[in-house]
Amino acid sequence: MEAPDGETEMMELEREVSDLGRRILEHRRSTAARLLVACRSLLAGLRPPTCLAESEPADGTPCAEADEEELLNLLQALRSKTKANHAAMGGVLKRVNSCIARTDELEQIDLNAHPAFRTKREQ
Numbered sequence: 092m093e094a095p096d097g098e099t100e101m102m103e104l105e106r107e108v109s110d111l112g113r114r115i116l117e118h119r120r121s122t123a124a125r126l127l128v129a130c131r132s133l134l135a136g137l138r139p140p141t142c143l144a145e146s147e148p149a150d151g152t153p154c155a156e157a158d159e160e161e162l163l164n165l166l167q168a169l170r171s172k173t174k175a176n177h178a179a180m181g182g183v184l185k186r187v188n189s190c191i192a193r194t195d196e197l198e199q200i201d202l203n204a205h206p207a208f209r210t211k212r213e214q
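This is the structure in structure tokens:
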């Protein structure tokens, strides 16, 4: 005996619903696992190179302390370079002023320059 069309259609729909429910459940499980893997790889990519190994560095300091020491060294180098630049600024300023004075003197000289070297001036 065959079931009427209505019952066959109902059984088909119930099968599709159960199949969709199973697929949604699998998708939810796999999405959580994929998200966990993606977060792990993203965080591993953001770690400094000294912290990539799971163990502590050879000197026994944790990664945070090693990073602080490196940062302090970089800061000290920046300070020393800034002081050196500040000390050299006086000499640079003298040279700039002398160049400006020579340029002003050259502008005041009335020479017959070749037309190729003259600038076009509005008349």
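Okay, so the sequence shown: first residue is 92 according to this note's numbering, each after it adds one.
Glycine included, each C-beta is placed from N, C-alpha and C at the ideal position.
Candidates R170, A168, L116, P139: closest to E156 by CA position: By 1-based counting over the sequence shown, the position of residue 156 is 65. Looking at the Cα atoms, P139 is the closest of the given residues.
Distance cut-off 8 Å: T194 Cβ against heavy atoms of the ligand MG: Among the ligands in the structure shown, none appear at all, so the ligand MG cannot be discussed.
N-terminal and C-terminal residue of the alpha helix (DSSP H) that R113 is part of: Mapped onto the sequence shown, residue 113 falls at position 22. Taken as a continuous stretch (DSSP letters only), the alpha helix (DSSP H) holding R113 covers 96–137.
Whole-angstrom distance between T122 and V128, CA atom to CA atom: Residue mapping note: residue 128 aligns to position 37 of the sequence shown, counting from 1. Residue mapping note: residue 122 aligns to position 31 of the sequence shown, counting from 1. Going from the Cα of V128 to the Cα of T122 covers about 10 Å.
Where D195 falls: helix, strand or coil (DSSP): As a position in the sequence shown, residue 195 is number 104, starting the count at 1. DSSP places D195 in helix when its eight states are reduced to three.
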